[in-house]
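Counting from 1, one number per residue, gives the positions in the sequence shown under the working numbering.
Backbone N, C-alpha and C define an ideal beta-carbon position, used for all residues, glycine too.
No experiment lies behind these values; they were computed from the predicted model shown.
Heads up: the structure comes next, in structure tokens.
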Amino acid sequence: MDPYSVILRPQLSEKTMNQIYDDNKISFVVRRTANKHVLRSAFEELYEVKVIKINTHITPKGAKIACFKLHEDDNAEDIAVKMGVF
């Protein structure tokens, strides 16, 4: 599966910004049919980082959000800067 069709866009809110700084986590809106194995491989291929853990949830509006916890050697702030979030 194409990584660009799995990971749709970053999820930006005050909470997700705090997670980037404090917990080295970054959140994305993802395809609803994607499972954690597909999400991990797509994210690692796109951003060339090591993912430790993935938490997913579906919002009341029906969007699926994936929160990626990165390895301590990788920095979520660097990924956010590359994407133009900051």
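Whether residue i touches residue j by CB criterion (8 Å)
i, j, result
"F43", "I65", "no"
"F68", "K25", "yes"
Closest residue to residue i among the options (Cα-Cα distance)
i, options, result
"H71", "R9, V85, D23 and V38", "D23"
"P3", "M83, V30, M17 and T56", "V30"
"M1", "R9, E45, T56 and K61", "E45"
Contact belief for residue i with residue j at Cβ below 8 Å, rounded distance in angstroms
i, j, result
"A63", "I20", "The Cβ separation is near 19 Å, so there is no contact."
CA-to-CA distance, residue j to residue i, given in whole angstroms
i, j, result
"I54", "F86", "23 Å"
"S27", "I58", "13 Å"
"L39", "M83", "18 Å"
"N35", "S5", "13 Å"
"S41", "R32", "16 Å"
For the region 74–83 against the region 40–51, are there 3 or more C-beta pairs whose distance is under 8 Å? yes
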